[in-house]
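2 protein chains.
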Amino acid sequence: MSFDAAGGSTLRFRRVGIVGVGLIGGSFALALKTVKAVDTVVGFGRSRANLDTARKMGVIDQIATGWDDIEGCDLVLLAVPVGQLPEVMPVIAPRIGKDTVITDAGSTKRDVVLYARAALGNALPRFVPAHPIAGAEKSGAAAARPNLFVGRPVVITPIEETDPFAFKRVRATWQLTGAKTLRMDVAMHDMALAATSHLPHVLAFAMMNEIAHRPQAEAMLSLTGGGFRDFTRIAASNPEMWRDICLANRDSLCNEIDAFSARLAQLRHLIAMGDGPALEREFESARVARDALTATLNAGARPRD
Amino acid sequence: MSFDAAGGSTLRFRRVGIVGVGLIGGSFALALKTVKAVDTVVGFGRSRANLDTARKMGVIDQIATGWDDIEGCDLVLLAVPVGQLPEVMPVIAPRIGKDTVITDAGSTKRDVVLYARAALGNALPRFVPAHPIAGAEKSGAAAARPNLFVGRPVVITPIEETDPFAFKRVRATWQLTGAKTLRMDVAMHDMALAATSHLPHVLAFAMMNEIAHRPQAEAMLSLTGGGFRDFTRIAASNPEMWRDICLANRDSLCNEIDAFSARLAQLRHLIAMGDGPALEREFESARVARDALTATLNAGARPRD
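Which chain is which? The protein sequence lines are A and B, in order.
Numbers 0 to 304, taken from numbering that gives the first Met the number 0, label the letters of the first sequence in order.
Numbers 0 to 304, taken from numbering that gives the first Met the number 0, label the letters of the second sequence in order.
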């Protein structure tokens with residue numbers, strides 16, 4: 000595993016279509032505009048108010064008048080919630096130009112690939128699934144910023160059918176946003192994200208609920224220190240979005256919950272048995288791994304999302 | 000449950016003995032000096048270098064020449080690791096003056112009370128167990144600061160034998176450090192801390208180990224976002240200290256692990272069944288609880304530990 004080297008590029012698009020002009024879609028547009036890789040950005044979306052904001056802020060240049068505006072785009076980014084893709088893909092599929100490349104920003108990939116295989120038809124080889132791992136505390140076009148992806152990982156998960164030229168073109172485009180791209184297969188991506196993102200969210204939700212439902216909740220929460228607060232910060236995440244992510248990635252996520260539960264049961268056993276030396280070894284091993292992660296993050300000077 | 004009101008006080012000690020001049024013991028001494036509540040602070044400890052540092056920094060005024068120096072103290076703080084109390088308490092017990100009050104700073108209380116009942120004899124009524132919930136990233140006298148406890152909760156857990164006058168005197172002393180004291184019984188304290196502090200640490204240790212032991216660990220960790228990093232920050236905590244805390248509070252902690260595991264299993268069931276509405280209700284309930292915690296913390300403007 001290693002990040003792809005960013006190649007020098009004279010990549011330029013005439014018209015880029017952004018379907019879903021939120022934090023991710025809007026930041027992608029701004030990043031491409033910043034490096035002058037696009038002449039015109041067209042925004043597609045359900046909220047007229049959001050699209051008006053996007054145009055006023057210069058995130059997009061035009062608001063699409065209908066789905067037919069996909070026809071003139073030579074790059075399309077699908078940045079709607081993954082749950083909307085089964086509706087969106089069949090509508091855009093017949094309107095995609097024969098040289099147009101398509102990418103997405105969904106945080107699960109197996110389901111996106113299933114939808115694409117079902118809906119995209121002849122355009123399927125030019126669809127290159129991607130997942131930018133970048134912050135999502137704020138949403139909407141107003142939160143977009145040109146440097147959102149700088150130094151952030153973007154996982155690209157080409158499938159069997161993917162045209163190598165389309166893959167390279169999409170990869171180079173994500174690199175233009177300042178992202179560090181890395182290629183992974185779909186299953187590995189979904190497993191890795193289940194372990195490092197979806198599982199921690201589920202644990203944080205479970206912990207907040209376990210405490211909040213107790214009669215002594217107020218007293219307990221009055222005692223929380225910085226550890227608890229950091230640990231549960233992600234429990235304030237958007238419930239609808241996380242419902243969709245958990246269901247979309249349910250197989251990998253259930254596997255990760257099981258693996259985690261087994262390891263927790265093992266620690267519980269050591270605690271119940273009073274096995275101090277084994278417990279200390281476990282904690283020491285976790286500390287070493289966490290310190291190594293800190294060192295890697297500091298070395299990469301990756302901005303905090 | 001409510002925090003105790005801080006009463007105005009003319010509390011003043013002639014000699015305060017700090018047994019264990021680390022972050023907590025040193026900060027306690029500095030806080031009392033700042034409000035001129037003590038004439039002389041005497042430091043007791045095993046590391047001469049640390050005591051020298053403490054004296055040079057003005058954290059303590061004198062280094063004890065032996066345990067007999069306990070005799071002249073009218074307030075004693077036991078701030079050594081809880082595991083050392085079974086050795087320390089029998090040594091100081093016969094040397095405690097008959098009007099002297101004693102408190103501690105241990106993060107578990109049932110075990111401390113057991114040790115105290117076994118060792119303190121006549122001094123037991125004047126021992127008032129306490130637990131300041133304040134940061135512990137750094138340790139040693141050099142890390143001490145006078146404002147460590149300002150706005151932080153200090154749980155005081157008097158027992159049946161505790162003399163009411165000693166309780167009031169110790170509570171007023173902790174309030175002089177700027178802490179918000181609250182009274183709780185021992186079992187409630189240990190349960191609350193197991194849930195809000197010890198369990199999150201165990202979960203963070205388990206998560207780091209689960210990922211670090213996989214062949215794909217490097218690729219997985221390269222994808223981590225801010226959520227994962229916040230979630231696992233506490234996995235870098237001191238393994239020896241956390242081994243001791245987990246074992247000292249093992250009954251409450253195992254109960255909390257079981258309650259948490261049951262709730263996690265319930266979420267797993269909803270995910271596996273694809274029950275979107277129930278899942279969203281769970282996540283929404285967690286979000287509401289976490290947002291309320293944020294609001295409380297912001298309202299209290301409690302400094303981050």
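Every residue gets a Cβ at the ideal spot worked out from N, C-alpha and C, and that includes glycine.
In the DSSP annotation of this structure, the continuous segment of the beta strand (DSSP E) that includes A/T180 starts and ends at 179-182.
Of all C-beta pairs linking the region 233-252 of chain A to the region 201-210 of chain B, fewer than three are shorter than 8 Å, placing the two stretches out of contact. Three or more pairs of CB atoms, one per stretch, sit closer than 8 Å, so the region 135-146 of chain A contacts the region 32-50 of chain A.
Three or more Cβ pairs closer than 8 Å define a contact, and the region 83-92 of chain B meets that threshold against the region 118-132 of chain B. By alpha-carbon distance to A/M272, the top candidate from B/S284, B/A247, B/L263, B/G57 is B/A247. Near chain B, meaning a CB-to-CB distance below 8 Å, the residues of the region 148-160 of chain A are P152, V154.
DSSP places A/V185 in the uninterrupted alpha helix (DSSP H) bounded by 185-192. The region 74-82 of chain B makes contact with the region 104-118 of chain B, as at least three CB pairs between them are under 8 Å. Taken in chain order, the complete alpha helix (DSSP H) segments of 4 or more residues contained in the region 212-298 of chain A are 216-221, 225-231, 238-247, 249-272.
Residue nearest to A/T293 within the set B/R228, B/E279, B/L296 is B/R228 (criterion: CA-CA distance). With its beta carbon less than 8 Å from one in chain B, A/I270 belongs to the interface.
Annotation: A/G42 is outside any alpha helix (DSSP H); the continuous beta strand (DSSP E) that includes it extends over 37-43. Leaving aside the five residues that flank A/D184 on each side, the residues in its chain whose CB is nearer than 7 Å to its CB run, in chain order, T156. Taking C-beta atoms as the reference points, B/A234 and A/R144 fail to come closer than 8 Å. For B/G25, the uninterrupted alpha helix (DSSP H) segment begins and ends at 22-33. Below the 7 Å Cβ cutoff, chain A contributes P238 as neighbours of B/E283, in chain order.
Nearest C-alpha to A/A171 among A/Q61, A/A218, A/Q265, A/F27: A/F27.
Interface residue (Cβ-Cβ distance to chain B less than 8 Å): A/G226 is classified as such. Taking A/M56 as reference, the option from A/V40, A/A298, A/D67 with the minimal CA-CA separation is A/V40. Among the residues facing chain B, A/W241 is included, as its CB has a counterpart in that chain under 8 Å away. Cβ neighbours of A/W173 within its own chain (closer than 8 Å, five residues either side excluded): T102, A129, P131, F148, V153, I155, T180. Among the residues of chain A, none has a CB under 7 Å from the CB of B/L123; the nearest is roughly 26 Å distant. The Cβ neighbour count for A/K35, taken over all protein chains shown within 10 Å, is under 16; the residue is labelled exposed. At least one beta carbon of chain A lies nearer than 8 Å to the beta carbon of B/F204. By the neighbour-count criterion, in which 16 or more other beta carbons inside 10 Å mark a residue as buried, B/F164 falls on the exposed side. DSSP, read as helix, strand or coil, puts B/R13 in strand. B/I69 carries a helical assignment under DSSP once its states are collapsed to helix, strand and coil.
One Cα belongs to B/G25, the other to A/V111, and the distance between them is close to 57 Å. Annotated three-state conformation of A/D51 is helix, per DSSP.
When Cβ pairs closer than 8 Å are counted between the two stretches, the region 208-225 of chain B is seen not to touch the region 275-283 of chain B, the count staying below three. Of all residues in the region 180-195 of chain A, only L181, M183, M187, H188, M190, A191, L192, A194, T195 come within less than 9 Å of chain B when Cβ atoms are compared, listed by chain position. As for any beta strand (DSSP E) of minimum length 3 sitting wholly inside the region 142-173 of chain A, the runs are 152-155, ordered along the chain. Neighbours of B/G275 in chain A, taken as residues whose beta carbon is under 7 Å from its own, are R242, L246 in chain order.
Between the C-alpha atoms of B/D189 and A/A261 there is a straight-line separation of about 25 Å. A/M187 places its beta carbon 8 Å or farther from that of B/Q265.
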